[in-house]
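Student: If you read the sequences in order, they're chains A and B.
Residue numbering for the first sequence follows my numbering, beginning at 1 and increasing consecutively.
Residue numbering for the second sequence follows my numbering, beginning at 344 and increasing consecutively.
Before I ask anything, let me first share the structure, which is written out below as structure tokens.
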Amino acid sequence: MNFRPLLYLSFGLVTLVAQAGPRATLSPEERTNGTQALGEIEPLLPAVRRAAAQIIAEDGRALAAAVWVGSDGYLLTKASETPDLEKARVRWSADRSASLREIHRLPAFDLVLAQAVGVQGVDCTDFSQAVPVPPYGQWLASPTYGGRELRIGVISAQPRAIPGLGPAMGIRMDEKPLKQGVRILSIAEDSPAAAAGMEPGDVLTRIAQETAKDVKTVHEIIRRHQPGDLVSIHYLRHGESKTARVRLASRTRIMMNWDGEDFANGGISIRTDDFPSIIQHDLPLGPQDMGSPLYDLEGRAVGINIARVDRVTTFALPASVFWAKIHPLIEADRHPPKALVPP
Amino acid sequence: MSLTSLALRLATLTWAVIAMMSPATAQDTLAVLKDVQQKVQGLLPQVRPAVVAIRIQDGTASGVIINSSGLILTAAHVAEKPGREIRVVLNDGQVVRGTTLGLDKATDAALVQLLDTDRRWPHVNFSRAVVSVSPGDWCFALGHPGGFDKERGVVLRVGKVIRHTANSLQTDCVLMGGDSGGPLFNLKGEVIGIHSQIWEERDHNMHVSMAPFLRSWDEMKNSLVIRVWGTGSGGYLGAAIDTNLSGQIEVLRVLEGSPAQHAGLLAGDIVEAMETQPVRSASQFSNAVRARPAGEEIQLRVRRGEAICEVRVKLTSRPKEDEG
Numbered sequence: 001m002n003f004r005p006l007l008y009l010s011f012g013l014v015t016l017v018a019q020a021g022p023r024a025t026l027s028p029e030e031r032t033n034g035t036q037a038l039g040e041i042e043p044l045l046p047a048v049r050r051a052a053a054q055i056i057a058e059d060g061r062a063l064a065a066a067v068w069v070g071s072d073g074y075l076l077t078k079a080s081e082t083p084d085l086e087k088a089r090v091r092w093s094a095d096r097s098a099s100l101r102e103i104h105r106l107p108a109f110d111l112v113l114a115q116a117v118g119v120q121g122v123d124c125t126d127f128s129q130a131v132p133v134p135p136y137g138q139w140l141a142s143p144t145y146g147g148r149e150l151r152i153g154v155i156s157a158q159p160r161a162i163p164g165l166g167p168a169m170g171i172r173m174d175e176k177p178l179k180q181g182v183r184i185l186s187i188a189e190d191s192p193a194a195a196a197g198m199e200p201g202d203v204l205t206r207i208a209q210e211t212a213k214d215v216k217t218v219h220e221i222i223r224r225h226q227p228g229d230l231v232s233i234h235y236l237r238h239g240e241s242k243t244a245r246v247r248l249a250s251r252t253r254i255m256m257n258w259d260g261e262d263f264a265n266g267g268i269s270i271r272t273d274d275f276p277s278i279i280q281h282d283l284p285l286g287p288q289d290m291g292s293p294l295y296d297l298e299g300r301a302v303g304i305n306i307a308r309v310d311r312v313t314t315f316a317l318p319a320s321v322f323w324a325k326i327h328p329l330i331e332a333d334r335h336p337p338k339a340l341v342p343p
Numbered sequence: 344m345s346l347t348s349l350a351l352r353l354a355t356l357t358w359a360v361i362a363m364m365s366p367a368t369a370q371d372t373l374a375v376l377k378d379v380q381q382k383v384q385g386l387l388p389q390v391r392p393a394v395v396a397i398r399i400q401d402g403t404a405s406g407v408i409i410n411s412s413g414l415i416l417t418a419a420h421v422a423e424k425p426g427r428e429i430r431v432v433l434n435d436g437q438v439v440r441g442t443t444l445g446l447d448k449a450t451d452a453a454l455v456q457l458l459d460t461d462r463r464w465p466h467v468n469f470s471r472a473v474v475s476v477s478p479g480d481w482c483f484a485l486g487h488p489g490g491f492d493k494e495r496g497v498v499l500r501v502g503k504v505i506r507h508t509a510n511s512l513q514t515d516c517v518l519m520g521g522d523s524g525g526p527l528f529n530l531k532g533e534v535i536g537i538h539s540q541i542w543e544e545r546d547h548n549m550h551v552s553m554a555p556f557l558r559s560w561d562e563m564k565n566s567l568v569i570r571v572w573g574t575g576s577g578g579y580l581g582a583a584i585d586t587n588l589s590g591q592i593e594v595l596r597v598l599e600g601s602p603a604q605h606a607g608l609l610a611g612d613i614v615e616a617m618e619t620q621p622v623r624s625a626s627q628f629s630n631a632v633r634a635r636p637a638g639e640e641i642q643l644r645v646r647r648g649e650a651i652c653e654v655r656v657k658l659t660s661r662p663k664e665d666e667g
């Protein structure tokens, strides 16, 4: 498939040879996101730190970041990274965590609204007071590691909508019909199919409780889902029947990274497309930082980080895009309609 | 830590303190960041129109126009060889035609010429003060990672210079595929580097400095550059040469079948001058050789023991296996 053009940039395959030069190398501490440089904007950190939390899986893995949007424990996080949200916990300091109640998923934004059970008095971010989308080159800051550290970067491209190409598993299939199922020809690096343990040569027989009749059917079944959805699959390897659960990812993400050569450094998000409007920045964040709040250097909210796309790209949703939808959901959840008492 | 490097560090510290005119505080640093932001935002409208995407066959890369007649700086691994037809995508999405000129595979520097030389092309200046770039300097990178995207526009990254070597710069402006050949700017809006290479780590972003471009700049102004750079990596001598303990430029080894061997150069010879110009350092000498085209004859003044002799060497192009 000629989806992806050849991208020019040499990838260094040799180790850096230290050259004796008259000037020293800038130490990691002194670099743009080094501890020394960031230590000096520390006054920003307490507010940013208090606004951020982490979603932690049962096994202790950090799944995503979250931002408090109500002092009574309402929070937003990235939906496609947290399919089993109520099995996870929210953690906002070394010794404070709570279980979660899922309220509403918003596939259009890849956000999920939830409430930390029994939590009161958290410092929340007021997105109704958010600043408009800043221009190219403006500095921004975000918490990382659940607010333990801060990262800075700039708006690096024009705000825009990101069209969606739907979900994919990361498999190429043989068009040749078999008596049963569809033969897998190749599997993308770091793809949902690879993560589920599939290999070239496997024969896919069932997907999402339906028969994998032919290539077209498989495509249709996948297209009915969202990136982040879990689908069950049955397949044959050397005649032996196997099952697995596959978490679908954005087709864009898989096609751009088929050979796993993008040097993303820390990985990329499961869903990287299909957003109504985004701002793009160059903060060095990872996929587990998505869901964290984004601020300007005055500490005013700008939006929520929503997708780590590649080595240079992170997308954030500006507050103006999602807040008008989120705020009524919180109010409705706080004040559920009361049943009329019969006279 | 050696005394020299300690002294260097102290010098750097003193400079930093003087530069900020007061002890570093949060306010100062915020002020520095805001100053950087203001400068970058002020320069962007001027420099953006000069940044282009380059399409060669199925590939996509970047480049920057540096004069009104449409000369473009890019990377050698983008151009690959002289005389290739390419398409250049301007800031507004318009596609125009160009051709690759010469290149220096050893340092990854290359030139492209837009075919329409009568049009007043938007362009930027590049810095001739190569040595003035220092680790810690703020800079910004522009390019078209992943290819041209009109909705997205050119992609900006702001960061610092990490390292400066003879022919290259390392920065924490993060690059990826498609950025190759794009410009790195200082805060005066001058090009100081051309994106070249990345390693896996986020801070391993390498740019060709202006040094390899400047070495052949005079030839370029006199239209000789195409001939010089058209020969690939430039003239090849085939001898290992370095500064010896007495500070002389000594031939350490002469390669079998090389131009140096044909000219009768021997290990142990001291190179004193090239074309009547005294040779002061091994790097100056090898740069001077590389800046000449294959096929050109150079004259060396060589001291062998007590004797002084003139040696004429006809340079060839670098053997294939040594390239790139």
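Beta carbons: idealized from backbone N, C-alpha and C, even for Gly.
All values reported here derive from a predicted model rather than from experimental measurement.
Counting only Cβ-Cβ distances shorter than 7 Å, please list the residues of the segment 121–141 of chain A near chain B, keeping chain order.
Tutor: P135, Y136, G137, Q138 and W139
Student: Excluding the 5 residues preceding and the 5 following S566(B) in the sequence, name in chain order all residues of the same chain whose CB lies nearer than 8 Å to its CB.
Tutor: Below a pLDDT of 50, predicted positions are generally treated as unreliable, and S566(B), at 33, falls in that range; no measurement from the model is reported.
Student: For E189(A), return the contacting residues in chain B, with the cut-off set at a CB-CB distance below 7 Å.
Tutor: Residues of chain B passing the Cβ test: none, with the nearest at roughly 14 Å.
Student: In or out: V341(A) buried (at least 16 other Cβ within 10 Å) or exposed?
Tutor: exposed
Student: At which residues does the alpha helix (DSSP H) containing E220(A) begin and terminate?
Tutor: Per DSSP, E220(A) belongs to the alpha helix (DSSP H) from V215 to R223.
Student: Can you look up V390(B) in the DSSP assignment and give me helix, strand or coil?
Tutor: helix
Student: Would you mind reading off the limits of the alpha helix (DSSP H) that contains N529(B)?
Tutor: Run containing N529(B): none; DSSP gives neither H nor E here.
Student: Check each candidate in P227(A), M198(A), L204(A) and A208(A) and name the one with the smallest Cα separation from A108(A).
Tutor: Answer by Cα proximity: P227(A).
Student: Quick check on Q209(A) - is its C-beta less than 8 Å from some C-beta in chain B?
Tutor: no
Student: Using a Cβ-Cβ cut-off of less than 7 Å, give me the residues of the segment 138–167 of chain A that come near chain B, in sequence order.
Tutor: Q138, W139, V154, S156, A157, Q158 and R160
Student: Using the beta-carbon count (16 or more within 10 Å), is R661(B) buried or exposed?
Tutor: buried
Student: Identify the contact partners of P478(B) in chain A, using a Cβ-Cβ distance below 7 Å as the criterion.
Tutor: R23, A24, T25 and L26
Student: At the 8 Å Cβ level, is E428(B) part of the contact set with chain A, yes or no?
Tutor: no
Student: Please classify L38(A): does DSSP put it in a helix, a strand, or coil?
Tutor: The three-state secondary structure of L38(A), taken from DSSP, is helix.
Student: Terminal residues of the continuous alpha helix (DSSP H) containing D333(A)?
Tutor: A319 to R334
Student: Please classify T77(A): does DSSP put it in a helix, a strand, or coil?
Tutor: strand
Student: State yes or no: is the C-beta of P284(A) within less than 8 Å of the C-beta of R151(A)?
Tutor: yes
Student: Taking just the CA atoms, how far does C124(A) sit from G406(B)?
Tutor: 45 Å
Student: When you compare only the Cα positions, how much space is there between V455(B) and I409(B)?
Tutor: Answer to the nearest angstrom: the Cα atoms are 10 Å apart.
Student: Quick one: is K564(B) buried, meaning 16 or more other Cβ sit within 10 Å of its Cβ, or exposed?
Tutor: The predicted position of K564(B) is uncertain, since its pLDDT is 40 and thus under 50; no value can be drawn from it.
Student: Would Q380(B) pass as an interface residue toward chain A - the criterion being a Cβ-Cβ separation below 8 Å?
Tutor: yes
Student: Excluding five sequence neighbours on each side, which residues of the same chain lie with their C-beta closer than 7 Å to the C-beta of R49(A)?
Tutor: P143 and G147.
Student: Would you mind working out which of Q604(B), I537(B) and C516(B) sits nearest V312(A), comparing C-alpha positions?
Tutor: C516(B)
Student: How far does the alpha helix (DSSP H) with A650(B) in it reach, from first residue to last?
Tutor: Premise fails: A650(B) lies in the beta strand (DSSP E), A650 to K657, not in any alpha helix (DSSP H).
Student: I want to see whether chain A comes within less than 8 Å of D585(B), judged by CB atoms only; does it?
Tutor: no
Student: DSSP three-state call for R661(B): helix, strand or coil?
Tutor: coil
Student: Report all residues from its chain with a CB closer than 8 Å to the CB of P488(B); omit the five preceding and five following residues, and keep chain order.
Tutor: V498, L518, M519, G520, G521 and D522
Student: Going by the CB atoms, is the gap between R101(A) and V112(A) shorter than 8 Å?
Tutor: Result no, Cβ atoms of V112(A) and R101(A) do not sit closer than 8 Å.
Student: Report the residue ranges of all beta strand (DSSP E) runs contained in full by the segment 385–470 of chain B; include only those spanning at least 3 residues, in chain order.
Tutor: Under the rule that a run must span 3 or more residues, the beta strand (DSSP E) segments found entirely inside the segment 385–470 of chain B read 394–399, 402–408, 414–418, 428–432, 438–447 and 452–457.
Student: Spell out whether any CB of chain B is found under 8 Å from the CB atom of E331(A).
Tutor: no
Student: Buried or exposed, going by whether 16 or more other CB atoms sit within 10 Å of the CB of T460(B)?
Tutor: exposed
Student: Please list the terminal residues of the continuous alpha helix (DSSP H) segment that includes M255(A).
Tutor: R251 to M256
Student: Using C-beta distances below 6 Å, list every residue in its chain close to D274(A), excluding the 5 sequence neighbours before and after it, in chain order.
Tutor: G164
Student: For L230(A), list the residues DSSP reports as bridge partners.
Tutor: R247(A)
Student: Spell out a yes or no on whether the segment 476–487 of chain B and the segment 433–440 of chain B are touching, meaning 3 or more CB-CB pairs, one atom from each, closer than 8 Å.
Tutor: no
Student: Determine which residues of the segment 639–652 of chain B have a Cβ less than 8 Å from any Cβ of chain A, and write them out in chain order.
Tutor: Flagged: no residues at all.
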